[in-house]
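Engineer: Numbers 27 to 353, taken from our numbering, label the letters of the sequence shown in order.
Ideal Cβ placement from N, Cα and C applies to all residues, glycine included.
First the structure, which I've put down as structure tokens, then a few questions once you've had a look.
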Amino acid sequence: MAKPKVAFYWCASCGGCEEAVIDLAEDILTVVDAVDIVLWPVALDFKRKDIEAMKDGEIAVSFINGAVRTEEQEEMVKLLRKKSGLVIAFGSCAHLGGIPGLANLWNRETIFDYVYKTRPSNNNPEGVYPQIKTKINGCELTLPKFFDTVNTLDQVIDVDYYLPGCAPPPDLIMEAIKAILEGNLPDKGAVLAPEKSLCDTCPRAENKPEKLTMKEIKRVHEIIPDPEKCFLEEGIICLGPATRSGCGERCINANMPCKGCFGSTKEVTDQGAKMLSALASILGLENEEKMTEEEAKKLVDQVKDPVGTFYMYGLPASILKRKQMTT
Ligand code: SF4
Ligand code: SF4
């Protein structure tokens, strides 16, 4: 019997999701044995034309990582959608926009101006910017168009399932692959991870005081956190209350707060807003005294990078989506 065809593709990403597949270790042999990989740019030399030559729906499943930020990525994900039975948004960037999504605080013009003109380390006296078409010695070179806005995968194509995480952990990847091979998948649109919040599974939750009050906000480099205490108790913002579990509490176990790479559980509309609301309910003074406006402002000003704190992985997927530019 013919093996199911599987494609892996990457868009705007760091390559960590490709590493996550390799992190399957010896389990990767089980996967390779069970499927026929037809596209995997990081590891195998298949071309776009090979995919174009396939029948619609011929690929059983495409795992696509990375956000969509260029015209080439948009074309490729649309092509893979057409040729695939299932499309899985693989990792935080495809799922939520991820770290590349923070570029939605700027647009193409402001990014190019900084990268090619005003950055202190630049040496570009002729002011050369990348062009979509360039003529050199009678030949035309092309580059894909760079969009103003970074999109999540499901803002560009229909997505069947989501494998969350930066990067998705090997156990969740293997569970997803088994579910696909056994035809044992949940309803379309599901995130293939538990529906509990990270605080529900965090080993530090049991040490959390019943009444938690955060009197000041610290950054993680300013103290050495007590490995037994909830980060919020120590004044460090941890996105556990607004984040889905399933990562094995990777950051917490490394004594780092959660930054939210798994996104939220399904009842939450906006992860950053949910975290802000959780934080607002615990920020306060000793003895529950009422804060003056000035005291409240002083406390809020201690959040040095609000977007990077509350939307590090999810700006394109959030209600805000991007900064509105006046230029
Ligand atoms: S806020 Fe962070 S450290 Fe505290 S219980 Fe939740 S996940 Fe754990
Ligand atoms: S602790 Fe948070 S940021 Fe770290 S891997 Fe888990 S979900 Fe992602």
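Run through DSSP, which three-state label would F116 get?
Structural biologist: Counting from one through the sequence shown, the residue named residue 116 turns up at place 90. If DSSP states are grouped into helix, strand and coil, F116 belongs with the strands.
Engineer: Which word fits K161, buried or exposed, when buried means at least 16 other C-beta atoms lie within 10 angstroms of its C-beta?
Structural biologist: For this step, residue 161 is matched to residue 135 along the sequence shown. Classification for K161: exposed.
Engineer: For Y35, count neighbouring C-beta atoms within 10 Å of its own C-beta (all shown protein chains included) and say buried if the count is 16 or more, exposed if not.
Structural biologist: Translated into positions along the sequence shown, residue 35 becomes position 9. The residue is buried, with at least 16 neighbouring Cβ atoms inside 10 Å.
Engineer: If I follow the unbroken beta strand (DSSP E) through I90, where does it start and stop?
Structural biologist: In the sequence shown, residue 90 corresponds to position 64, counting from 1. Element bounds for I90: 85 to 91.
Engineer: Tell me whether the beta-carbon of S118 lies closer than 8 Å to the beta-carbon of C287.
Structural biologist: On the sequence shown, residue 118 is found 92 positions in, with the first residue counted as 1. On the sequence shown, residue 287 is found 261 positions in, with the first residue counted as 1. The answer is yes: Cβ separation under 8 Å.
Engineer: Can you say whether R74 is buried or exposed, counting buried as having 16 or more other CB atoms within 10 angstroms of its CB?
Structural biologist: The residue labelled residue 74 in the question sits at position 48 within the sequence shown. Exposed, since its Cβ has fewer than 16 Cβ neighbours within 10 Å.
Engineer: Excluding the five sequence neighbours on either side, which residues of its own chain have a C-beta within less than 6 Å of the C-beta of F173, listed in chain order?
Structural biologist: Within the sequence shown, residue 173 is the residue found at index 147, counting from 1. Counting only Cβ-Cβ distances below 6 Å, and skipping sequence neighbours, we find R95.
Engineer: Straight-line CA distance for L309 to E259?
Structural biologist: Here residue 309 is taken as the residue at index 283 of the sequence shown, counted from 1. Here residue 259 is taken as the residue at index 233 of the sequence shown, counted from 1. Their backbone Cα atoms lie some 11 Å apart in a straight line.
Engineer: Might you give, ordered along the chain, the residues of its own chain that have their beta carbon closer than 8 Å to the beta carbon of K347, omitting 5 neighbours on each side?
Structural biologist: Within the sequence shown, numbered from 1, the residue matching residue 347 stands at position 321. Same-chain partners within the cutoff: N130, T175, L341.
Engineer: What do you reckon, are the CB atoms on C256 and N233 nearer than 8 Å?
Structural biologist: On the sequence shown, position 230 is the one that residue 256 refers to. On the sequence shown, position 207 is the one that residue 233 refers to. A contact, by the Cβ cut-off of 8 Å.
Engineer: Is E355 near ligand 2, going by C-beta to nearest heavy atom under 7 Å?
Structural biologist: With the chain represented from 27 up to 353, any question about residue 355 goes unanswered, as that position is not in the structure.
Engineer: Would you mind stating whether L305 and E242 have Cβ atoms separated by less than 8 Å?
Structural biologist: Position 279 of the sequence shown holds residue 305. Position 216 of the sequence shown holds residue 242. Not a contact, by the Cβ cut-off of 8 Å.
Engineer: By how many angstroms is the C-alpha of E101 removed from the C-alpha of T239?
Structural biologist: As a working note, residue 239 is residue 213 in the sequence shown. As a working note, residue 101 is residue 75 in the sequence shown. If you take the alpha carbons of T239 and E101, they lie about 50 Å apart.
Engineer: Mapping DSSP to helix, strand and coil, what is C277?
Structural biologist: On the sequence shown, residue 277 is found 251 positions in, with the first residue counted as 1. Secondary structure of C277 (DSSP, three-state): helix.
Engineer: Measuring CA to CA, which of A202, P126, R145 is closest to N177?
Structural biologist: One-based indexing of the sequence shown puts residue 177 at position 151. Closest option to N177, Cα to Cα, is P126.
Engineer: Of all the beta strand (DSSP E) runs that stay within the bounds of the region 119 to 203, which reach a length of 3 or more residues?
Structural biologist: 159 to 162, 165 to 168, 172 to 177, 187 to 189
Engineer: Please name the residue, chosen from A28, V141, I158, G111, that lies closest to D184 on a Cα-to-Cα basis.
Structural biologist: In the sequence shown, residue 184 corresponds to position 158, counting from 1. When each option's Cα is compared against that of D184, the closest is G111.
Engineer: What number of angstroms, rounded off, separates the C-alpha of I262 from the C-alpha of G334?
Structural biologist: On the sequence shown, position 236 is the one that residue 262 refers to. On the sequence shown, position 308 is the one that residue 334 refers to. One C-alpha to the other measures close to 14 Å.
Engineer: Cutting at 6 Å between CB atoms, please list the residues of its own chain near E98, excluding the five before and the five after it.
Structural biologist: For this step, residue 98 is matched to residue 72 along the sequence shown. Excluding positions up to five away in sequence, the list reads P170.
Engineer: Nearest to P151 by alpha carbon, out of K143, R134, F138?
Structural biologist: Numbered from its first residue, the sequence shown carries residue 151 at position 125. Nearest option by C-alpha distance: K143.
Engineer: When DSSP builds the beta bridges, which residues end up paired with R270?
Structural biologist: Reading the sequence shown from its first residue, position 244 is the one you call residue 270. S223, per the DSSP bridge assignment.
Engineer: Across the region 69 to 85 and the region 217 to 226, are there enough close Cβ pairs to call them in contact, namely three or more that are closer than 8 Å?
Structural biologist: no
Engineer: With a Cβ-Cβ cutoff of 8 Å, do S344 and G289 count as a contact?
Structural biologist: Position 318 of the sequence shown, counting from 1, holds the residue named residue 344. Position 263 of the sequence shown, counting from 1, holds the residue named residue 289. Against a cut-off of 8 Å, the Cβ pair of G289 and S344 comes out as no contact.
Engineer: Whole angstroms is fine: what's the gap from I48's alpha carbon to G42's?
Structural biologist: Position 22 of the sequence shown, counted from the first residue, corresponds to residue 48. Position 16 of the sequence shown, counted from the first residue, corresponds to residue 42. Those two C-alpha atoms are separated by around 10 Å.
Engineer: From this set, Y337, Q328, C192, which residue's C-alpha is nearest K244's C-alpha?
Structural biologist: The residue given as residue 244 occupies position 218 in the sequence shown. Comparing Cα positions, the closest option is Q328.
Engineer: I want to check one thing, is the minimum distance from the CB of I250 to the heavy atoms of ligand 1 below 7 Å?
Structural biologist: Here the question's residue 250 lines up with position 224 in the sequence shown. No.
Engineer: Assign H247 to buried or exposed, taking buried as 16 or more other Cβ atoms, counted over all protein chains shown, within 10 Å of its Cβ.
Structural biologist: As a first step, residue 247 must be located in the sequence shown, where it is residue number 221. H247 comes out exposed.
Engineer: Quick one: residues in its chain with C-beta nearer than 6 Å to the C-beta of K108, no 5 flanking neighbours on either side, listed in chain order?
Structural biologist: For this step, residue 108 is matched to residue 82 along the sequence shown. Excluding residues within five positions, the ones whose Cβ falls inside 6 Å are D82.
Engineer: Closer than 7 Å: is that where the CB of P235 sits relative to any heavy atom of ligand 4?
Structural biologist: Ligand 4 is not part of the structure shown, which contains ligand 1 and ligand 2 as its ligands.
Engineer: Looking at G92 and A120, is the spacing between their C-beta atoms short of 8 Å?
Structural biologist: Residue 120 sits at position 94 when you count from the first residue of the sequence shown. Residue 92 sits at position 66 when you count from the first residue of the sequence shown. Their beta carbons are under 8 Å apart, which means A120 touches G92 by this criterion.
Engineer: Using DSSP with H/G/I as helix, E/B as strand and the rest coil, what is I262?
Structural biologist: Numbered from 1 along the sequence shown, position 236 holds the residue referred to as residue 262. I262: strand per DSSP, three-state reduction.
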